[in-house]
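For the sequence shown, our numbering gives the first residue as 379, with consecutive numbering after it.
Here a beta-carbon is modelled for each residue, glycine too, at the ideal position from N, C-alpha and C.
Some notes on the structure that comes next.
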Amino acid sequence: MRTDSQTFGFGDQAAGLRKLLARGNAQVITVLGARDGLGATSIVTNLAAVFAHAGKDVLVLDENLSHDNVANTLALRPRYDLLHAARGDKTWQDVLLQGMAGPGVLPVARAMQALPKMEEAERERLLESLLGAAVGRDVVLVDAARDGNSVCASLSGDEPLLLVLNATASGITESYALLKKMAVHNGRQAFDIVVNRVGSEREALAVFDNMAKVARHHLQVSLSYLGYIPVDEKLKRATQLCRPVVDAFPSAASSMAMREIAQGLLRAPGVSEHVQDRLSSVMQRLMRMSQPRSAQAMRSHTGGMAALT
Numbered sequence: 379m380r381t382d383s384q385t386f387g388f389g390d391q392a393a394g395l396r397k398l399l400a401r402g403n404a405q406v407i408t409v410l411g412a413r414d415g416l417g418a419t420s421i422v423t424n425l426a427a428v429f430a431h432a433g434k435d436v437l438v439l440d441e442n443l444s445h446d447n448v449a450n451t452l453a454l455r456p457r458y459d460l461l462h463a464a465r466g467d468k469t470w471q472d473v474l475l476q477g478m479a480g481p482g483v484l485p486v487a488r489a490m491q492a493l494p495k496m497e498e499a500e501r502e503r504l505l506e507s508l509l510g511a512a513v514g515r516d517v518v519l520v521d522a523a524r525d526g527n528s529v530c531a532s533l534s535g536d537e538p539l540l541l542v543l544n545a546t547a548s549g550i551t552e553s554y555a556l557l558k559k560m561a562v563h564n565g566r567q568a569f570d571i572v573v574n575r576v577g578s579e580r581e582a583l584a585v586f587d588n589m590a591k592v593a594r595h596h597l598q599v600s601l602s603y604l605g606y607i608p609v610d611e612k613l614k615r616a617t618q619l620c621r622p623v624v625d626a627f628p629s630a631a632s633s634m635a636m637r638e639i640a641q642g643l644l645r646a647p648g649v650s651e652h653v654q655d656r657l658s659s660v661m662q663r664l665m666r667m668s669q670p671r672s673a674q675a676m677r678s679h680t681g682g683m684a685a686l687t
């Protein structure tokens with residue numbers, strides 16, 4: 379029977395991983411939406427471009443299998459993914475995609491789905507590939523899989539997380555449900571919030587303040603406002619062109635908003651602390667995808683939804 383450290387790939391190998399990770403200075407940012415179509419992937423691609431323009435060495439971990447994932451959004455058309463590397467068929471260099479704006483994109487979605495049935499050797503190759511692609515980077519952006527229950531169980535409570543809150547009625551309800559699940563599953567007490575698709579900052583703050591009040595009262599969690607993305611036809615057009623809006627239309631309102639959010643993330647306190655733990659948490663999260671959820675936890679924390687409507 380495997381021990382917990384073996385299951386998560388952290389035995390003697392972990393010591394070597396931490397030593398290598400400690401040489402880097404990466405800021406790891408996980409971006410999550412309650413479901414596909416709420417804008418998380420767009421924010422990831424644009425933040426990656428902003429960081430790259432600022433001279434940062436950026437890696438994006440693309441966890442989504444949907445057609446609108448990071449790779450397809452940028453028209454990168456991957457031939458391989460991290461599952462090929464885990465099986466030993468390809469190296470991580472073969473898998474890594476390089477966009478025109480500079481960030482590297484590593485497709486990891488199929489590897490995540492295959493984790494429960496992976497052999498130990500495959501898990502080790504997976505970790506080695508993640509390490510090889512990420513070490514030495516300035517920023518690692520994770521476009522987190524939006525498989526509701528699985529992602530809640532897999533994100534650790536202290537892993538930096540940016541939650542994209544869509545300002546529609548359904549988006550607000552779904553985002554609150556996600557907050558509740560994550561508070562129940564892993565005791566997460568703090569979330570960074572970006573409000574997407576609003577007409578003005580005043581509207582964004584109204585949506586945020588209401589959500590923050592309800593979350594604080596019913597879930598005992600705190601929300602931090604990082605900014606908003608306005609409704610912008612230029613953003614839609616950039617998506618059609620398979621380009622980040624900050625590249626296609628740098629003076630657009632949505633481009634300016636993306637840059638402000640990126641600046642806020644870089645100014646966040648403690649971004650360089652415990653770097654090896656932060657990047658290791660991404661690797662551990664991939665392993666936790668195969669762990670059973672607590673049905674009992676899902677039956678608690680039922681309050682608060684009505685207050686948002």
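With a Cβ-Cβ cutoff of 9 Å, do residue i and residue j count as a contact?
i, j, result
"R621", "L452", "yes"
"L493", "L484", "no"
"R503", "A464", "yes"
"V422", "V518", "no"
"L410", "V542", "yes"
"D570", "L619", "no"
"A590", "S600", "yes"
"L509", "V486", "no"
"A584", "L557", "no"
Note down the Cα distance separating residue i from residue j, rounded to an integer number of angstroms.
i, j, result
"Y458", "M490", "14 Å"
"T419", "N447", "6 Å"
"S602", "D467", "43 Å"
"Q567", "L425", "24 Å"
"M634", "V624", "8 Å"
"K559", "E552", "11 Å"
"A511", "Q471", "8 Å"
"N574", "D440", "20 Å"
"M676", "L454", "Low local confidence applies: a pLDDT of 42 at M676 is under 50, so the model's placement there is unreliable, and no value is given."
"N588", "D521", "26 Å"
"A449", "P456", "7 Å"
"Q405", "Q476", "19 Å"
"D390", "E497", "The predicted position of D390 is uncertain, since its pLDDT is 37 and thus under 50; a value taken from the coordinates is nonetheless stated next. Using only the alpha carbons, I get a separation of about 17 Å."
"T469", "A547", "44 Å"
"F627", "H596", "41 Å"
"L505", "V513", "12 Å"
"Q669", "I407", "Unreliable positioning characterises Q669 in this predicted model, as indicated by a pLDDT of 49, which lies under 50. A coordinate reading is not provided."
Have a look at the options and flag the residue whose alpha-carbon is nearest the alpha-carbon of residue i.
i, options, result
"L539", "G549, A523, A545", "A523"
"S444", "I421, R413, T469", "R413"
"N442", "K612, T546, M560, L460", "L460"
"K638", "V422, V428, V406", "Residue identity differs from the one stated: residue 638 is Glu in this sequence, not Lys. The candidate whose alpha carbon is nearest that of E638 is V428."
"L612", "V599, Q598, H596, S629", "The sequence given here has Lys at residue 612, not Leu. If we check each option's Cα against that of K612, S629 comes out closest."
"G433", "T469, P481, G565, G477", "P481"
"E581", "V609, T617, A449, H431", "V609"
"F586", "H595, Y606, H596, L597", "Y606"
"Q641", "G415, N588, H431, H563", "H431"
"G417", "V406, I407, P456, V572", "V572"
"A631", "L597, N564, V576, H596", "V576"
"G565", "Q598, D435, S548", "Q598"
"A488", "A499, H462, V513, L505", "Reading off the sequence, residue 488 comes out as Arg, not Ala. When each option's Cα is compared against that of R488, the closest is H462."
"G415", "Y554, A555, N544", "N544"
Check the DSSP bridge columns for residue i and list the partner residues they point to.
i, result
"D570", "L540, S602"
"G411", "V542"
"Q476", "G482"
"D521", "V409, D440"
"P608", "V576"
Under 8 Å: does the beta carbon of residue i sit that close to some heavy atom of the ligand GDP?
i, result
"L556", "This structure lacks the ligand GDP; in fact it carries no ligand of any kind."
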